[in-house]
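Participant: Counting from 1, position 257 in the first sequence corresponds to residue 867 in my numbering; the numbering is continuous, with no gaps.
Where a beta carbon is used, it is the ideal one built from N, C-alpha and C, also for glycine.
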Amino acid sequence: MPELPEVETIVRGLNSRVIGWEVEKIIFLSGHLQDKHPENEKILNYFKGQKISAVRRRGKMIIVEFDHELRWLIHLKMTGQLYLARRTEATDKHVHVRVIFKKQAQELRFRDVRKFGFWFCLKGAELEKKVCASLGPEPLTLNYQDFLRLWKKYPARQAKSFLLDQKIMAGIGNIYSDEILFRAGIRPDRRVRTLKVGELKKLYRMMKQVLREAIALKGSSISDYVDSSGERGQFQEKHRVYGKEGATCQRCKKGIIRRQKIAGRSSYFCPVCQK
DNA sequence: AGCCCATCCTGTCCGC
DNA sequence: TGCGGACAGGATGGGC
611 MPELPEVETI
621 VRGLNSRVIG
631 WEVEKIIFLS
641 GHLQDKHPEN
651 EKILNYFKGQ
661 KISAVRRRGK
671 MIIVEFDHEL
681 RWLIHLKMTG
691 QLYLARRTEA
701 TDKHVHVRVI
711 FKKQAQELRF
721 RDVRKFGFWF
731 CLKGAELEKK
741 VCASLGPEPL
751 TLNYQDFLRL
761 WKKYPARQAK
771 SFLLDQKIMA
781 GIGNIYSDEI
791 LFRAGIRPDR
801 RVRTLKVGEL
811 KKLYRMMKQV
821 LREAIALKGS
831 SISDYVDSSG
841 ERGQFQEKHR
851 VYGKEGATCQ
861 RCKKGIIRRQ
871 KIAGRSSYFC
881 PVCQK
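1) Does residue 674 come out as helix, strand or coil in the three-state DSSP assignment?
2) Run through the segment 775-815 for me and flag every whole alpha helix (DSSP H) of 4 or more residues, listed as ranges in chain order.
3) I'd like the span of the beta strand (DSSP E) that includes residue 694, first residue to last.
4) In three-state terms, what does DSSP make of residue 742?
5) Please report the straight-line C-alpha distance between residue 738 and residue 674, rounded to a whole angstrom.
6) At which residue ranges does the segment 629-656 contain complete beta strand (DSSP E) runs of 3 or more residues, listed in the order of the chain?
7) Whole angstroms is fine: what's the gap from residue 659's alpha carbon to residue 699's?
8) Using only the alpha-carbon positions, how far apart do residue 823 and residue 755 sit?
9) Can you tell me which of the three DSSP states residue 763 falls into?
10) Could you tell me the boundaries of the beta strand (DSSP E) in which residue 869 lies?
11) Once the 5 residues before and after residue 790 are set aside, which same chain residues still bring their CB inside 6 Å of it?
12) Closest by CA to residue 844, which one among 715, 835, 829 and 852?
13) For residue 711 and residue 616, which I take to be in contact (beta-carbon distance under 8 Å), what is that distance rounded to the nearest angstrom?
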């Protein structure tokens, strides 16, 4: 579900509110998180009385830090939500974790319909090791020289697969890869090696522009996504191709937006003005 | 190396 | 109204 702009929005929202909040109690409401990570159960008590010192994002992962070395590593995958709600507000069967804070009417909830998401506790060093081993650089802080190095390293990849692979760059998912490629005028199945300098520059520029605009509009809400206050994003209104199969292309007014499985995912593009 | 597929899970939507 | 199939913002591991 959430990609970089959505996760960034959640992290910013939490950062503006929960810093210094003291954990009183953590309640796991369903077993699947502990089944996958039994250490969660063992170290639960460790967080009592601890204050949140920072909430960070790396790719699509959320990291919650405390004043000691144990941290939470959270991934929302397809349908995960992480938001603040009043303690008295009803939960449904998809809420899997509740974090109660001392002297706070709001609690932090982790809700996930499809249960693909994870939430577990790691020491800082292990967490950094795990995250660094699996994630490439952040697209928003990547400079053009390093982007060119990545382009040289993966010549045989399809452009879509290049953008989607978290080991190459971390944070872009199915929606934003399509929106970036549309704005760059590049077909998702173009081989990376065939991209000309002008196209590469445009791809780099559009990657940053789309992600920044999406963050400014607090992400895309297609079905499940809500931010840390339970609010929907607005960037879905700016989508030009994602989910628009059969529509006339807004740019060239000639092409009909096509859906095709590329890089294992439904991909939307204009067959006329994306080359 | 890179692509495709199935898999983890639940819900929704569409056609018959 | 029911039923089956396709599909969903992610990531991984196996096979080719």
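Facilitator: In terms of the structure at hand:
1) strand
2) 784-794
3) 690-696 is the span of the beta strand (DSSP E), which, as asked, contains residue 694.
4) In this structure, residue 742 counts as helix in the three-state DSSP scheme.
5) 13 Å
6) 633-638
7) Note on geometry: alpha-carbon atoms of residue 659 and residue 699 lie some 23 Å from one another.
8) 23 Å
9) helix
10) 868-872
11) So the qualifying residues of the chain are 816, 817 and 820.
12) Residue 829 is the option with its Cα nearest to residue 844.
13) Their Cβ separation, rounded to whole angstroms, is 24 Å, which puts residue 711 and residue 616 out of contact at 8 Å.
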